[in-house]
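Numbering (the UniProt record's numbering), first residue to last: 1 to 322. Following: one structure in structure tokens, then a few remarks.
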Amino acid sequence: MQPQAFYRAVADDFSAVDDIIKKQLTSRVPLVSKIGDYITSAGGKRLRPLLVLLCGKALGREGDDLRLLAATIEFLHTATLLHDDVVDMSGMRRGRKTANATWGNAPSVLVGDFLYSRSFEMMVELGSMPVMKILSQATRIIAEGEVLQLSKVRDASTTEETYMEVIRGKTAMLFEASTHSAAALAGATPEQSEALRTFGDHLGVAFQLVDDLLDYRGDAETLGKNVGDDLAEGKPTLPLIYTMREGTAEQAALVRKAIQKGGIEDLESIRAAVEESGSLDYTAQLARDYVARAIACLESLPPSEYRDALVELSEFAVARTH
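In structure tokens form, the structure reads like this:
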């Protein structure tokens, strides 16, 4: 795990969450445990459970329930990763082969279902109806976001508004659910609850904007996935949408054709076009704007090392290179 201060602030709790994850992954079917352990041990940032811990502790909540909620969020996230990799036919994640590339699509989908089911068992154990409501709605919205994105694959007419709707569903929603459910568990005031819900949404949007930016400005070794994956799948992300809207006629035509046919044959030309059109700078600035708005939401929390860590985490979200 990375040594940033926002991890150190909850180091003991983070270790306890890892223990809960390992315990909850056990199954009487060995392949379930094997695939579950494979993807959860892949070295991800685990930002979503981290948000649960930091938000809960910033509101004075301690104890096993907060740790269990953090683990529940990570199970939901991991389930979406397994399903997404099957849908996207991804071969690499976090620098190694995806579960579907290793064991096949059917086991990956079914283990994703197992993780979803286990997460709801953990929610029941928490015994909080407000948390259950937030997380059950979130899983629905995430699924809708993924289906909306799928419906826009190879659609070069996709607008920035639709793109924002997609990323709010498929990515920002689980960030929002992490911060909002932590507030609910901690008994936050209505003002604090709404502020943390909004904080999670804005941070999640910024995080996905940077992800889409790095698909053209990053490199495979640093990213842990193949550069140009979104283009290969024909996904009209913001760098491409902006280039079609604001670039030259030649740049717009190049991008439109690439989205419609998919593949990465023209990747280097596309990377040059999105850079020269200013779309990457536009995307980066929009991410910074969302992070600034996210940090402003934290004013509703009392001063603490945990609030400071949330600010630092927000700044990291737009400064990262992977």
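Virtual Cβ for every residue (Gly too), placed ideally from N, Cα, C.
Residue i vs residue j beta-carbon contact at 7 Å
i           : j           : result
residue 179 : residue 204 : no
residue 112 : residue 79  : yes
residue 142 : residue 173 : yes
residue 218 : residue 227 : yes
residue 232 : residue 244 : no
residue 284 : residue 213 : yes
residue 160 : residue 241 : yes
residue 98  : residue 85  : yes
residue 272 : residue 254 : no
8 Å contact criterion, which residue i and residue j should meet: CB distance rounded
i           : j           : result
residue 5   : residue 309 : 6 Å
residue 82  : residue 21  : Incorrect: roughly 15 Å between the Cβ atoms, too far for contact.
residue 317 : residue 177 : Contact flag wrong, Cβ pair sits at about 17 Å.
residue 126 : residue 65  : 6 Å
residue 90  : residue 289 : Actually they do not touch by this definition, with Cβ atoms about 29 Å apart.
residue 134 : residue 195 : The pair is not a contact, with the Cβ atoms about 15 Å apart (cut-off 8 Å).
Residue i classed as buried or exposed, judged by whether at least 16 other C-beta atoms fall within 10 angstroms
i           : result
residue 29  : exposed
residue 124 : exposed
residue 140 : exposed
residue 12  : exposed
residue 303 : exposed
residue 7   : buried
residue 236 : buried
residue 301 : buried
residue 57  : buried
residue 152 : buried
residue 341 : No statement about residue 341 is possible, as the shown extent of the chain runs from 1 to 322 and does not include it.
residue 72  : buried
residue 74  : buried
*Inside the segment 224-307 only - alpha helix (DSSP H) runs reaching at least 4 residues*: 229-232, 238-246, 249-261, 267-276, 279-297
*asked:* As an exercise, report each continuous alpha helix (DSSP H) stretch of at least 4 residues that is fully enclosed by the segment 138-172, in chain order.
replied: 160-167
_What ranges does the alpha helix (DSSP H) occupy inside the segment 12-41, keeping only unbroken runs of at least 4 residues that lie completely in it?_
30-40
*Hey, is the segment 254-268 in contact with the segment 152-162, meaning 3+ C-beta pairs nearer than 8 Å?*
yes
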